[in-house]
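> The letter at position 235 of the sequence shown is residue 253 when you use our numbering, and the numbering goes up by one with no holes. The beta-carbon is built from N, C-alpha and C at its ideal position, and this holds for glycine as well. Input: one structure, supplied below.
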Amino acid sequence: MTKQQDVIVIGGGIVGLATALQLIEKNPGLKVKVLEKENKVAVHQTGNNSGVIHSGIYYKPGSLKATNCIRGYNLLIEFCQKHSIPFERCGKIIVATSAEELQPLENIYRRGLSNGLTGLIRLKKEELKEHEPHVAGIAGIFVPQTGIVDYRLVAEKYAELLQAAGVEVRTNCKVTGITKRGNVQTVLSTNGEFDAKLVITCAGLYSDKLAEMAGGKTNSRIIPFRGEYYKLTPEKEYLVKNLIYPVPDPNFPFLGVHFTRMAKGGVEAGPNAVLAFRREGYKKSDIHMGELAETLAWPGFRKVAFKYWKTGIGEMYRSLSKAAFTKALQKLIPEIQQTDLAPGGAGVRAQACDRTGGLVDDFMFSEAEGSIHVINAPSPAATSSLAIGETVAGMGLKRLGL
Ligand SMILES: Cc1cc2nc3c(=O)[nH]c(=O)nc-3n(C[C@H](O)[C@H](O)[C@H](O)COP(=O)(O)OP(=O)(O)OC[C@H]3O[C@@H](n4cnc5c(N)ncnc54)[C@H](O)[C@@H]3O)c2cc1C
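As structure tokens, then:
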């Protein structure tokens with residue numbers, strides 16, 4: 019048993035690390051430890067995402083996503099500049115490809131204005147090509163704020179700063195239980211037992227499990243949605259200058275397959291969104307019977323499946339058929355052919371689903387005796403990490419009376 023910590027943060031993804039960083043920035047004397055089950059940080063969502071610095075254009079004004087994305091955007095850019103992490107503010111276009119998408123496109127534009135974005139430009143059909151010469155569409159929006167970064171580098175820098183400040187980021191340390199004795203929380207793990215006054219869980223794909231382990235009540239379950247990517251073959255990368263997005267389905271929490279020039283090089287196409295048969299299931303063949311059974315038994319999931327069955331079948335079809343995936347991409351760039359696409363990686367999104375069948379749209383935090391929980395932190399949580407960290411650290415310091 020090591021000496022008692024003020025706070026133990028569980029999860030070495032970008033949200034847990036940012037939370038720990040904000041805790042010690044606001045209170046440098048605080049004793050903080052981060053526990054991560056993998057052998058390094060940023061292995062899951064943080065290390066397998068699209069690498070987009072989101073502007074905040076999509077989110078409902080006043081929501082936690084809107085406020086944390088815009089604050090997080092500014093904090094992230096400042097952080098990257100300060101620590102020489104490569105990023106680019108290259109802008110993106112959102113493209114309507116049919117008349118039915120024109121009103122939703124206009125709604126996004128207005129949302130952007132309500133969220134305080136400046137410099138948005140409505141694009142006519144012919145103006146789209148000035149930004150992306152190979153794109154096809156009937157109208158669009160140029161969003162100048164959008165950028166690209168490698169979030170693995172950002173998270174690694176958070177970890178490096180924490181360690182430099184004396185905070186241990188203990189890897190290979192899977193938390194298996196949390197018990198309470200008076201005001202002391204004891205965290206049991208595969209790599210030691212640790213006492214703390216406060217536990218903060220930021221466990222991504224296991225956020226519901228860790229919250230429950232700490233005695234918190236969650237009225238939601240994490241449903242894992244795998245996002246699969248292709249990458250453009252190097253000789254076809256010229257087809258995409260920066261980022262090209264479709265108009266998203268307003269009823270679905272994902273943005274639709276898009277083209278992203280990556281900060282680390284190359285152009286990715288995707289991700290789709292298919293149900294993963296295990297929480298950390300990066301391959302189609304990854305199945306965990308217990309986790310799958312739990313997903314299928316969750317009443318909210320059955321309602322989601324009923325509500326989105328058509329979208330879900332389309333996504334599964336695109337997952338199994340490269341021709342169908344290519345067809346979806348051809349809506350944005352008609353020249354793209356199957357042979358231009360090489361297999362890319364995959365990421366799994368942790369999406370909370372409530373009991374009644376709602377995919378929880380906003381970020382969600384909860385509190386229990388001796389613990390605070392990040393329950394839902396899907397995209398744009400990487401962009402927003404320092405703002406989420408600030409919010410959660412603020413809750414933590416209040417709980418400690420600091
Ligand atoms: C395909 C995809 C594309 C995305 N694109 C973008 C994007 O372009 N821009 C953007 O802003 N966001 C994007 N996101 C969202 C973003 O990546 C996530 O919101 C963010 O990374 C969440 O960070 P996290 O720390 O909560 O989760 P994670 O990075 O998943 O970290 C959680 C950590 O908790 C650890 N953990 C779990 N259980 C335990 C345990 N029992 N003991 C110890 N440790 C444990 C895990 O090992 C993991 O390291 C995308 C996500 C995906 C999947």
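#1: If you follow the beta strand (DSSP E) that residue 85 is part of, which residue opens it and which one closes it?
#2: In three-state DSSP terms, what is residue 278?
#3: Residue 226 lies in the alpha helix (DSSP H); which residues open and close that run?
#4: Using only CA atoms, which one of 300, 323, 294 lies nearest to residue 309?
#5: Quick one: what does DSSP say residue 391 is sitting in, helix, strand or coil?
#6: Among all the DSSP beta bridges, which residues are the ones paired with residue 293?
#7: Would you decide whether residue 357 is buried or exposed? Buried here means 16 or more other CB atoms lie within 10 Å of its CB.
#8: Roughly how many angstroms lie between the CA atoms of residue 163 and residue 290, to the nearest whole one?
#9: Any contact between the stretch 184–204 and the stretch 94–105? By contact I mean 3 or more CB pairs, one from each, below 8 Å.
#10: Could you spell out the range, first to last residue, of the alpha helix (DSSP H) harbouring residue 23?
#11: Count the other C-beta atoms from every protein chain shown that fall within 10 angstroms of the C-beta of residue 208, then say buried if there are 16 or more, exposed otherwise.
#12: Is residue 271 near ligand 1, judged by its Cβ being under 7 Å from some heavy atom?
#13: By the DSSP assignment, the beta strand (DSSP E) with residue 263 in it spans what residues?
#14: Have a look at residue 349 and residue 90 and give me their C-alpha separation to the nearest angstrom.
#15: Looking only at its chain, what residues have a beta carbon closer than 7 Å to the beta carbon of residue 50, apart from the 5 residues adjacent to it on each side?
#16: Nearer than 7 Å: is that true of the beta carbon of residue 60 relative to any heavy atom of ligand 1?
#17: Should residue 419 be labelled buried (16 or more other beta-carbon atoms within 10 Å of its own) or exposed?
#18: Under the three-state reduction of DSSP, which class applies to residue 208: helix, strand or coil?
#19: State buried or exposed for residue 253, treating a residue as buried only when at least 16 other CB atoms are found within 10 Å of its CB.
#20: Determine contact between the stretch 111–121 and the stretch 140–153, defined as no fewer than three beta-carbon pairs at a distance below 8 Å.
#21: Taking a contact to mean a Cβ-Cβ separation below 8 Å, would you say residue 62 touches residue 230 in this structure?
#22: Beta carbon of residue 123: closer than 7 Å to some heavy atom of ligand 1?
#23: Nearest to residue 171 by CA position, among 409, 407, 401, 410, is which residue?
#24: Report the three-state DSSP secondary structure of residue 414 (helix, strand or coil).
#25: By how many angstroms is the C-alpha of residue 183 removed from the C-alpha of residue 47?
#26: Identify every run of the alpha helix (DSSP H) within the stretch 295–347, keeping only runs that are complete inside it and at least 4 residues long; order them along the chain.
#27: I want to check one thing, is the minimum distance from the CB of residue 33 to the heavy atoms of ligand 1 below 7 Å?
#28: Give me, in chain order, the residues of the same chain whose beta-carbon lies closer than 6 Å to that of residue 272; leave out the 5 immediate sequence neighbours on both sides.
#29: In three-state terms, what does DSSP make of residue 197?
#30: DSSP has residue 369 in a bridge; who is on the other side?
#31: Determine the DSSP secondary structure at residue 235, reduced to helix, strand or coil.
#32: Pick from 353, 178, 203, 151: whose alpha carbon is nearest that of residue 21?
#33: Please state if the CB of residue 153 and the CB of residue 75 are separated by a distance shorter than 8 Å.
#34: Identify every run of the beta strand (DSSP E) within the stretch 113–141, keeping only runs that are complete inside it and at least 3 residues long; order them along the chain.
#35: Given that a residue counts as buried once 16 or more other Cβ atoms are within 10 Å of its Cβ, and exposed if not, what is residue 327?
Reading from the atomic positions:
#1: Locating residue 85 in the sequence shown gives position 67, where the first residue counts as 1. Not the beta strand (DSSP E): residue 85 falls in the alpha helix (DSSP H), residues 82–100.
#2: Counting from one through the sequence shown, the residue named residue 278 turns up at place 260. Looking at residue 278 - three-state DSSP - the assignment turns out to be strand.
#3: Working through the sequence shown from its first residue, we reach residue 226 at position 208. 225–231 is the extent of the alpha helix (DSSP H) around residue 226.
#4: Along the sequence shown, read from residue 1 onward, the residue named residue 309 stands at position 291. When each option's Cα is compared against that of residue 309, the closest is 294.
#5: Taking the first residue of the sequence shown as position 1, residue 391 is located at position 373. Three-state DSSP puts residue 391 in a strand.
#6: Working through the sequence shown from its first residue, we reach residue 293 at position 275. According to DSSP, which records beta bridges pairwise, residue 293 is partnered with 243.
#7: Sequence index remark: in the sequence shown, residue 357 carries index 339 (1-based). So residue 357 ends up on the exposed side.
#8: Numbered from its first residue, the sequence shown carries residue 163 at position 145. Numbered from its first residue, the sequence shown carries residue 290 at position 272. Just so you know, the alpha carbons of residue 163 and residue 290 end up roughly 24 Å apart.
#9: no
#10: Position 5 of the sequence shown, counted from the first residue, corresponds to residue 23. Where residue 23 is concerned, there is no enclosing alpha helix (DSSP H), although the beta strand (DSSP E) it sits in stretches over 23–28.
#11: Numbered from 1 along the sequence shown, position 190 holds the residue referred to as residue 208. Exposed, since its Cβ has fewer than 16 Cβ neighbours within 10 Å.
#12: Within the sequence shown, numbered from 1, the residue matching residue 271 stands at position 253. A distance criterion of 7 Å places the beta-carbon of residue 271 beyond contact range of ligand 1, judged by its closest non-hydrogen atom.
#13: Start at 1 with the first residue of the sequence shown, and residue 263 comes out as number 245. It spans 261–264 - the beta strand (DSSP E) in which residue 263 sits, taken as one unbroken run.
#14: As a first step, residue 349 is located in the sequence shown; it is residue number 331 there, counting from the start. As a first step, residue 90 is located in the sequence shown; it is residue number 72 there, counting from the start. One Cα belongs to residue 349, the other to residue 90, and the distance between them is close to 32 Å.
#15: Start at 1 with the first residue of the sequence shown, and residue 50 comes out as number 32. Result list for residue 50: 23, 24, 25, 27, 38, 41, 42, 185, in chain order.
#16: If you number the sequence shown from 1, residue 60 lands on position 42. Yes, the Cβ of residue 60 comes within 7 Å of a heavy atom of ligand 1.
#17: Working through the sequence shown from its first residue, we reach residue 419 at position 401. That one is exposed.
#18: Taking the sequence shown and counting its residues from 1, the one referred to as residue 208 is at position 190. In this structure, residue 208 counts as coil in the three-state DSSP scheme.
#19: On the sequence shown, residue 253 is found 235 positions in, with the first residue counted as 1. Answer is exposed; the Cβ neighbour count stays below 16.
#20: yes
#21: Taking the sequence shown and counting its residues from 1, one reaches residue 62 at position 44. Taking the sequence shown and counting its residues from 1, one reaches residue 230 at position 212. Remark: C-beta atoms of residue 62 and residue 230 do not approach each other more closely than 8 Å.
#22: As a working note, residue 123 is residue 105 in the sequence shown. Residue 123: no, Cβ never under 7 Å from ligand 1.
#23: Counting from 1 along the sequence shown, the entry for residue 171 is found at position 153. Taking only the C-alpha atoms, the option nearest residue 171 is 401.
#24: Counted from its first residue, the sequence shown places residue 414 at position 396. Residue 414 falls in the helix class under three-state DSSP.
#25: Taking the sequence shown and counting its residues from 1, the one referred to as residue 47 is at position 29. Taking the sequence shown and counting its residues from 1, the one referred to as residue 183 is at position 165. Distance between the alpha carbons of residue 47 and residue 183 is about 10 Å.
#26: Under the rule that a run must span 4 or more residues, the alpha helix (DSSP H) segments found entirely inside the stretch 295–347 read 307–315, 317–325, 327–338.
#27: In the sequence shown, the residue the question calls residue 33 occupies position 15. Yes.
#28: Mapped onto the sequence shown, residue 272 falls at position 254. Contacts found: 291.
#29: Start at 1 with the first residue of the sequence shown, and residue 197 comes out as number 179. Strand, per DSSP.
#30: Within the sequence shown, numbered from 1, the residue matching residue 369 stands at position 351. 241.
#31: The residue given as residue 235 occupies position 217 in the sequence shown. The answer is coil: DSSP assigns residue 235 none of H, G, I, E or B.
#32: Position 3 of the sequence shown, counted from the start, is the residue given in the question as residue 21. When each option's Cα is compared against that of residue 21, the closest is 203.
#33: Taking the sequence shown and counting its residues from 1, one reaches residue 75 at position 57. Taking the sequence shown and counting its residues from 1, one reaches residue 153 at position 135. Contact: no.
#34: none
#35: Taking the first residue of the sequence shown as position 1, residue 327 is located at position 309. Exposed, by the Cβ-count rule.
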